[in-house]
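A.B. asks: Structure provided below as structure tokens; questions to follow.
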Amino acid sequence: MRTFLDFGSDAVLLAGLTGDNWRLKDYVARGGYEALKKILNEHIAPEEVLAEIKLSALRGRGGAGFPTGMKWSFMPPNAPEKYVVCNADEGEPGTFKDRDILRFNPHAVIEGMIIAAYVMGCARGYNYIHGEIWEVYERCEEALDEARAAGFIGSHIMGSGFSFELFNHHGFGAYICGEETALLESLEGKKGQSRYKPPFPANVGLYGKPTTVNNVETLACVPLIVKNGGQWFQNLGQPNAGGTKIFSVSGDVERPGNYELRLGTPFATLLEMAGGVRGGRRLKAVIPGGSSSPVLPAAIMMETHLDYNSIAKAGSMLGSGAVIVMDETRCMVRCLQRLSEFYHEESCGQCTPCREGTGWLARIMHRIEHGEGRPGDIEMLDRIAHDIMGRTICAMGDAAALPVRSFIKHFHDEFEYHIKHRRCQVADHV
Amino acid sequence: MPLSAATRQKIDKAIAKYPAGRQQSAVMAALTIAQTEHGWLSSETLREVAEYLNMPPVAVYEVASFYSMYHLKPMGRYVLTLCTNLPCALQGSDVAARYLQETLKIGWKETTPDGMFTLLQGECMGACQEAPVLLANHQRMCCKMTPPQIDALLVQLRAEASQEERHE
Ligand SMILES: Cc1cc2nc3c(=O)[nH]c(=O)nc-3n(C[C@H](O)[C@H](O)[C@H](O)COP(=O)(O)O)c2cc1C
Ligand code: SF4
Ligand code: FES
């Protein structure tokens, strides 16, 4: 008997996956490519498919949560050369869902991209894959070969008038290439430096042509929506945010892993699925939406439901759905220091507030952590973070600043203690 | 060293993924292919790639120096990159880091005297559920790297190296 990987009983995206059944024949046996066949065989017009996507209330899973149907409708209908790009450059610390989707179910993403291309009238697409997951890239190459051989990609797909070419592009180690315009620069063979917006990619994207960038998980939802209807998908979630969401749980839990839940599920349920806090310790803090989202103390988090609005109300963001759990033994100064180093390392260097500001933040955090903090450092951290926000070309500036402001807001005592006593308030530390 | 015929063939395959005249898009793939062959990217290799893709050499250099996984200096035979970002740190990457440094007797960005291993610090590799995560030569992802796992990997890589040498 096959053992299914356990992603939770709500799973629809990851349901029935064993780790071995990723090939085209397995996907077809699970009902894969039926959505595409339905569209092409029944001559369903692009506008009708788009209407279902809108009805589904699918929101982008890459972090910003932008409604997918609306995003697709921004593509100019009559442009001759258009692109659809899958953002598989998953590098937001704590996020590891796209890797599982791609290695366990690559054809769901491929089918999603083909349908997206059909709706937006794109003749070409690229899947930009995170540099560190070479083995997943190789699997995606194999999956594309299978899809091509089966006639799902190429000219006149299944005898229709619709043609589409799709390729994988392998990144090479730059977090900023997850930002969609930096990704497009990288795809053009340049340094990954974000572009000014506007113009938005829907008007000026890859090679200057209209382009839509969507996250892996977003695209993987598309075949399910087409097959089961937009209303079905919306019912899985909430009125303004349909579907399930994959949460990547890492840190101090018994069973780190991906768990697929209906949007709106209480955080406590997710924590329980992940086996609770490791070693029966007490929960201290949670970063609920990837390292760029504000940290929340245990008391707030345990009362919060996992959906866009609830987490925003609690003072953070659903983001990429990466839930980083920290137990009572963790030093918040040390945790923030690691993140600050990361943002400093990964700034693309174009804007002064981000390039210099992340350096200042990292240096101050380094000295506090190493017992050399000075009075006034906490205020300085807050001021620098404040000054970065809203003054940069891309959202990476905010991504670096938000964690800082939230850590010193919620764990002010601990930072003060560290500066005054030149050591951690908690016994053990990371 | 000029690009070998096999390397050129692989680069051609990458170029074919992009629209006509957009061969610059294949620069990342070309550099990856060249680095896999030579272990690092010399200025001669960068020039060769530039010429092959019809790009200004400085544009190729910009790409090679921007992305963290390209190396513009010779490296050890096996580049071991350990993820030290927060989720991995919460799940034992500090232990792995100490163990690697003590076992190999080198620090970050250093290479063992026998030229076998270079140790690097990496950022999130998108696999935190299997922390601590280590990447060998940027392609082989090694998960749950506790000290016994690290020992096993080092033994295995040394064995692979001597086997390759015997073949050469
Ligand atoms: C610094 C930064 C890093 C990002 N990293 C990712 C990423 O790894 N994956 C991703 O899908 N989106 C990432 N994004 C968001 C993308 O810019 C873009 O909004 C997203 O891919 C759109 O897809 P969606 O509408 O399906 O969510 C990042 C944004 C920023 C500012
Ligand atoms: S905010 Fe930072 S990462 Fe974004 S463009 Fe400016 S310097 Fe680059
Ligand atoms: S933090 Fe190490 S793989 Fe994500």
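Same order as they appear, the protein sequences are chains A and B.
Take 1 as the starting number for the first sequence in the numbering used here and just add one per residue.
Take 1 as the starting number for the second sequence in the numbering used here and just add one per residue.
The C-beta atom is built at its ideal place from N, Cα and C for all residues, glycine as well.
1) What residues in the stretch 113-130 of chain B bring their beta carbon closer than 7 Å to a beta carbon of chain A?
2) With a threshold of 8 Å, are at least 3 pairs of Cβ atoms found where one atom belongs to the stretch 335-342 of chain A and the other to the stretch 128-148 of chain B?
3) Quick check: is the beta carbon of Met145/B nearer than 8 Å to any beta carbon in chain A?
4) Can you grab the Cα-Cα spacing for the pair Lys38/A / Asn228/A, in whole Å?
5) Going straight from the alpha carbon of Lys105/B to that of Val133/B, what length do you get?
6) Can you pull the chain A neighbours of Val58/B, defined as C-beta to C-beta under 8 Å?
7) Taking the C-alpha atoms as reference points, what is the distance between Ala149/A and Gln91/B?
8) Output, in chain order, the set of chain A residues within a Cβ distance shorter than 8 Å of Thr32/B.
9) Any beta carbon from chain A within less than 8 Å of Ala50/B's own beta carbon?
10) Alpha carbons only, please: which of Ala88/A, Gly94/A, Glu92/A and Pro93/A is nearest the one belonging to Ile101/A?
11) Would you check whether ligand 3 has a heavy atom nearer than 7 Å to the C-beta of Gly126/B?
12) Taking Cβ-Cβ distances shorter than 8 Å, what residues in chain B pair up with His421/A?
13) Using DSSP with H/G/I as helix, E/B as strand and the rest coil, what is Thr304/A?
14) Excluding sequence positions up to five away, which residues of its chain have a Cβ less than 7 Å from the Cβ of Gly115/B?
15) Val426/A lies in the alpha helix (DSSP H); which residues open and close that run?
16) List, in chain order, every chain B residue whose beta-carbon is nearer than 8 Å to that of Tyr207/A.
17) Assign Gly376/A to one of three DSSP states: helix, strand, or coil.
18) Does any heavy atom of ligand 2 sit closer than 7 Å to the C-beta of Met396/A?
19) Is any heavy atom of ligand 2 found at a distance shorter than 7 Å from the C-beta of Gly125/A?
20) With H, G and I counted as helix, E and B as strand and the rest as coil, what does DSSP make of Cys143/B?
21) Mind checking which residues open and close the beta strand (DSSP E) that includes Met326/A?
22) Counting only beta-carbon separations shorter than 8 Å, does Lys245/A have a partner in chain B?
23) Taking only three categories from DSSP, how would you classify Phe117/B?
24) Cβ-heavy atom distance between Ile176/A and ligand 2 below 7 Å?
25) Starting from Cys122/A, trace the beta strand (DSSP E) both ways and give me its first and last residue.
26) Could you tell me whether any non-hydrogen atom of ligand 3 is closer than 7 Å to the CB of Ala131/B?
27) Check distances from the C-beta atoms of the stretch 75-98 of chain A to those of chain B and list, in chain order, the residues that come in under 8 Å.
28) In chain order, what residues of the same chain lie with their CB nearer than 6 Å to the CB of Ser406/A, ignoring the 5 residues before and after it?
29) Return yes when the Cβ of Lys82/A is within less than 8 Å of the Cβ of Gly69/A, no when it is not.
30) I want to see whether chain B comes within less than 8 Å of Lys191/A, judged by CB atoms only; does it?
31) What are the partner residues of Ile246/A, as DSSP defines its beta bridges?
32) Using the C-alpha atoms, what's the distance from Ala96/B back to Cys335/A?
33) Going by beta-carbon coordinates alone, are Leu318/A and Pro288/A separated by less than 8 Å?
34) Which full runs of the alpha helix (DSSP H) of 4+ residues lie inside the stretch 64-137 of chain B, going along the chain?
35) Alpha carbon to alpha carbon, how far is Cys394/A from Tyr52/B? Give it in angstroms, no decimals.
36) So, does the CB of Pro256/A fall closer than 8 Å to a CB anywhere in chain B?
C.D. replies: On the basis of the coordinates in this document:
1) From the stretch 113-130 of chain B, only Glu123, Cys124, Met125, Gly126, Ala127, Cys128 and Gln129 have a Cβ closer than 7 Å to chain A.
2) With the cut-off at 8 Å, the stretch 335-342 of chain A and the stretch 128-148 of chain B do not touch.
3) Along the second sequence, one-based indexing puts residue 145/B at 145. At least 8 Å separates the CB of Met145/B from every CB of chain A.
4) Here residue 38/A refers to the residue found at position 38 of the first sequence. Here residue 228/A refers to the residue found at position 228 of the first sequence. Between the alpha carbons of Lys38/A and Asn228/A lies a distance of about 11 Å.
5) As a first step, residue 105/B is located in the second sequence; it is residue number 105 there, counting from the start. As a first step, residue 133/B is located in the second sequence; it is residue number 133 there, counting from the start. So the two alpha carbons sit approximately 20 Å from each other.
6) Against the second sequence, residue 58/B aligns to sequence position 58. Result: empty, since nearest Cβ-Cβ is about 11 Å, beyond 8 Å.
7) Residue mapping note: residue 149/A aligns to position 149 of the first sequence, counting from 1. Residue mapping note: residue 91/B aligns to position 91 of the second sequence, counting from 1. Taking the Cα positions, Ala149/A is about 42 Å away from Gln91/B.
8) Locating residue 32/B in the second sequence gives position 32, where the first residue counts as 1. Going along chain A in sequence order, the residues near Thr32/B (Cβ under 8 Å) are His170 and Phe172.
9) What you label residue 50/B is simply residue 50 of the second sequence in a count that begins at 1. Answer no: the Cβ-Cβ gap between Ala50/B and chain A never drops below 8 Å.
10) Walking along the first sequence from the start, residue 101/A turns up at place 101. For Ile101/A, the nearest C-alpha among the options comes from Ala88/A.
11) Counting from one through the second sequence, the residue named residue 126/B turns up at place 126. Indeed, a heavy atom of ligand 3 lies less than 7 Å from the Cβ.
12) The residue you call residue 421/A lines up with position 421 of the first sequence. The contact set of His421/A on chain B, defined by CB atoms closer than 8 Å, is empty, because the minimum CB distance reaches about 22 Å.
13) Position 304 of the first sequence, counted from the first residue, corresponds to residue 304/A. It is coil, neither helix nor strand.
14) As a working note, residue 115/B is residue 115 in the second sequence. Cβ within range, chain order: Gly76 and Arg77.
15) For the purposes of this step, residue 426/A is taken as the residue at position 426 of the first sequence. DSSP places Val426/A outside any alpha helix (DSSP H), giving it a letter other than H or E.
16) Along the first sequence, one-based indexing puts residue 207/A at 207. The answer, in chain order, is Pro19 and Arg22.
17) Residue numbering aside, residue 376/A sits at position 376 when the first sequence is read from its first letter. Shown here, Gly376/A sits in coil according to DSSP, grouped into three states, outside any helix or strand.
18) The residue given as residue 396/A occupies position 396 in the first sequence. For ligand 2, at least one heavy atom lies less than 7 Å from the Cβ of Met396/A.
19) Translated into the one-based positions of the first sequence, residue 125/A becomes position 125. Not so, every heavy atom of ligand 2 lies at least 7 Å from the Cβ.
20) Walking along the second sequence from the start, residue 143/B turns up at place 143. In the three-state reduction of the DSSP assignment, Cys143/B falls in the coil class.
21) In the first sequence, residue 326/A corresponds to position 326, counting from 1. Judged by DSSP secondary structure, Met326/A falls within the beta strand (DSSP E) whose first and last residues are Ala322 to Asp327.
22) Stepping through the first sequence from its first residue, residue 245/A is reached at position 245. Lys245/A does not count as touching chain B.
23) Here residue 117/B refers to the residue found at position 117 of the second sequence. Phe117/B falls in the strand class under three-state DSSP.
24) The residue you call residue 176/A lines up with position 176 of the first sequence. With a threshold of 7 Å, the Cβ atom of Ile176/A counts as near ligand 2, since some heavy atom of the ligand is closer than that.
25) Here residue 122/A refers to the residue found at position 122 when the first sequence is read from its first residue. Per DSSP, Cys122/A belongs to no beta strand (DSSP E) and is neither H nor E.
26) Counting from 1 along the second sequence, the entry for residue 131/B is found at position 131. Yes, the Cβ of Ala131/B comes within 7 Å of a heavy atom of ligand 3.
27) Identification of residues in the stretch 75-98 of chain A having a C-beta nearer than 8 Å to some C-beta of chain B yields Glu90, Gly91, Glu92, Pro93, Gly94, Thr95, Phe96 and Asp98, given in sequence order.
28) Here residue 406/A refers to the residue found at position 406 when the first sequence is read from its first residue. Taken in chain order, the residues that qualify are Pro294 and Val295.
29) The count along the first sequence starts at 1 and reaches residue 69/A at position 69. The count along the first sequence starts at 1 and reaches residue 82/A at position 82. No.
30) As a first step, residue 191/A must be located in the first sequence, where it is residue number 191. At least one CB atom of chain B sits nearer than 8 Å to the CB of Lys191/A.
31) For this step, residue 246/A is matched to residue 246 along the first sequence. Answer is Glu260/A, bridged to Ile246/A.
32) The sequence position of residue 335/A within the first sequence is 335, counting from 1. The sequence position of residue 96/B within the second sequence is 96, counting from 1. Each residue's alpha carbon lies about 17 Å from the other.
33) Walking along the first sequence from the start, residue 318/A turns up at place 318. Walking along the first sequence from the start, residue 288/A turns up at place 288. Taking 8 Å as the Cβ cut-off, Leu318/A and Pro288/A qualify as a contacting pair.
34) If we require 4 residues or more, the alpha helix (DSSP H) runs fully inside the stretch 64-137 of chain B come out as 86-90 and 93-104.
35) Numbered from 1 along the second sequence, position 52 holds the residue referred to as residue 52/B. Numbered from 1 along the first sequence, position 394 holds the residue referred to as residue 394/A. Taking the straight line from one Cα to the other gives about 33 Å.
36) Taking the first residue of the first sequence as 1, we reach residue 256/A at position 256. Judged by the 8 Å Cβ criterion, Pro256/A is in contact with chain B.
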